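Enquirer: Going by this note's numbering, the first residue of the sequence shown is number 1, and it counts up by one from there.
One structure coming up, written as structure tokens, with questions to follow.
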Amino acid sequence: MRDNYKYEIEYYIGNLITYTKELLSKIKQISELLETGIYESYVPDKPMTVSNLLKELDLEDKYFGILVNGKKADPNTKISPDDEIVILPHIAGGA
């Protein structure tokens with residue numbers, strides 16, 4: 001019976017470590033984006049929608065504004081490798 005608990009604990013610790021690494025990676029990416037205004041350069045290898053692109057980058061559209069060729073895009077906007085895509089964080093505040 002003790003071995004079962006040992007394996008369960010190892011399993012949960014392994015999951016916790018994986019989750020922590022993923023969370024730290026996201027924090028680093030968001031921090032870089034906020035500091036530089038640039039998340040990363042990405043060129044899609046095939047036509048897709050903005051929604052597909054955000055899924056590939058593991059980003060939620062509610063946190064970012066997307067420009068395609070200088071124009072505001074919605075999640076259904078189609079993009080291709082020739083398009084210029086800018087991903088910006090939503091900014092709130094002001095008086």
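The C-beta atom is built at its ideal place from N, Cα and C for all residues, glycine as well.
Here the structure is a predicted model, which means the values were calculated and not measured.
Give the DSSP-derived three-state secondary structure of Gly50 in the structure shown.
Expert: As a first step, residue 50 must be located in the sequence shown, where it is residue number 50. Here residue 50 turns out to be Val, not Gly, going by the sequence shown. In this structure, Val50 counts as helix in the three-state DSSP scheme.
Enquirer: With 16 other CB atoms within 10 Å as the buried threshold, where does Thr77 fall?
Expert: Translated into positions along the sequence shown, residue 77 becomes position 77. Thr77 should be labelled buried.
Enquirer: If we ignore side chains and look at the alpha-carbon of each, how far apart do Leu53 and Lys46 end up?
Expert: By one-based count along the sequence shown, residue 53 stands at place 53. By one-based count along the sequence shown, residue 46 stands at place 46. The straight-line gap from Cα to Cα measures roughly 10 Å.
Enquirer: Comparing the C-beta of Glu35 with each C-beta of chain B, is any distance below 8 Å?
Expert: No chain B is present in this structure, which holds just one protein chain.
Enquirer: Report the option in Ser51, Ile91 and Ser25 whose CA atom is closest to the CA atom of Asp61.
Expert: Numbered from 1 along the sequence shown, position 61 holds the residue referred to as residue 61. The shortest Cα separation from Asp61 among Ser51, Ile91 and Ser25 belongs to Ser51.
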